[in-house]
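Here is the structure we will look at, set down as structure tokens.
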Amino acid sequence: MESIRRTNEGTKQNANLETPPGELWSASDELTSKNKMQVMCLPGVDYVSWIYQYGKQNSIDIKFLEQFSCHVRTDEQEFANVVGKRKKEAKHEAAKLAYEELTQDSSTQSASRTKWSMPSVSEDYISWLHQYGKKNRTSVRFVERFAGQFIIGNQEFGNSVAERKKEAKHEAAKMAYEELTKDSHAQLEFQTPSRKTSSSSGIRLEYEFQEISHLGKGGFGNVWKARKIIDKTFYAVKRVKYNK
Numbered sequence: 001m002e003s004i005r006r007t008n009e010g011t012k013q014n015a016n017l018e019t020p021p022g023e024l025w026s027a028s029d030e031l032t033s034k035n036k037m038q039v040m041c042l043p044g045v046d047y048v049s050w051i052y053q054y055g056k057q058n059s060i061d062i063k064f065l066e067q068f069s070c071h072v073r074t075d076e077q078e079f080a081n082v083v084g085k086r087k088k089e090a091k092h093e094a095a096k097l098a099y100e101e102l103t104q105d106s107s108t109q110s111a112s113r114t115k116w117s118m119p120s121v122s123e124d125y126i127s128w129l130h131q132y133g134k135k136n137r138t139s140v141r142f143v144e145r146f147a148g149q150f151i152i153g154n155q156e157f158g159n160s161v162a163e164r165k166k167e168a169k170h171e172a173a174k175m176a177y178e179e180l181t182k183d184s185h186a187q188l189e190f191q192t193p194s195r196k197t198s199s200s201s202g203i204r205l206e207y208e209f210q211e212i213s214h215l216g217k218g219g220f221g222n223v224w225k226a227r228k229i230i231d232k233t234f235y236a237v238k239r240v241k242y243n244k
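For reference, each letter of the sequence shown is one residue, going 1 to 244 in UniProt numbering.
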């Protein structure tokens, strides 16, 4: 099998040294300690497109699960965030959580929660909180935001929360990217059958990269300098043969 892998090229003569995951090429011909960066920290990277491309290349279903988040805030306290599939559900659960916190025994706040009478099924936690605010002369605000996560195959990635839907999707994609590439070279590994010719591998390289220039060939294999189409960043790209 063949794959495209990154290599660490401090100079062109040392192109056989592999980079740890995440290190990038700068636009110059030399990597220094100042221009080494992590892909996941680069601003403006289109993680959403990367995720969908990852699914396409690996024949994996990609689904974005749009959700909603809510938490209660008073003048004195801010309660934990709750995520639900619907706005109404998230708001109800956030109100319930705040209700539980406010009605626990103050003498055991630092310990486990005390038992208290469960409200009836028809209990309106939201109305209860507004009444609590009036009685205690404190404002009660429901902070509602967008949330989301990616389902890649049968795995869930990311639990992002943001003011805007687009931001939540971007953050969820970024979380998924970081998890998928944490212990591998997934961001640059594109497998092709070993029986294919080098020309077909070249087509694969040109499909994923642009501005390709050959750097050298030796015991370490062929190495090119190329700009990744997705994030517009230069990489040292190495083609090697391997077996599963």
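Even glycine gets a Cβ: it sits at the ideal position worked out from N, Cα and C. All of these numbers come straight from a predicted model, not from anything done at the bench.
With respect to the C-alpha of GLN155, the residue from GLY55, SER49, TYR47, VAL48 having the closest C-alpha is GLY55. In this structure, THR181 sits away from GLY133, with a CB-CB distance that is not shorter than 8 Å. Under the DSSP assignment, LYS165 falls outside any beta strand (DSSP E), being part of the alpha helix (DSSP H) whose first and last residues are 165-180. Non-local beta-carbon contacts of ARG86 in its own chain, meaning distances under 8 Å to residues more than five positions away in sequence, involve PHE68 in chain order. Membership of GLN155 in the beta strand (DSSP E) is indicated by the continuous run 155-162.
Nearest C-alpha to LEU97 among GLY84, GLU66, TYR177, PHE79: PHE79. Between HIS92 and ILE126, the CB-CB gap stays under 8 Å. Leaving aside the five residues that flank HIS130 on each side, the residues in its chain whose CB is nearer than 7 Å to its CB run, in chain order, VAL140. THR103 and TYR47 have their C-alpha atoms roughly 43 Å apart.
Leaving aside the five residues that flank THR138 on each side, the residues in its chain whose CB is nearer than 7 Å to its CB run, in chain order, THR74, ASP75, GLU76. Sequence-distant partners of GLU179 (beyond 5 residues in either direction) whose C-beta falls short of 6 Å from its own C-beta, in its chain, are PHE157.
Contact annotation: LYS169 and GLY148 have beta-carbon atoms nearer than 8 Å. LEU65 is bridged by DSSP to GLN149.
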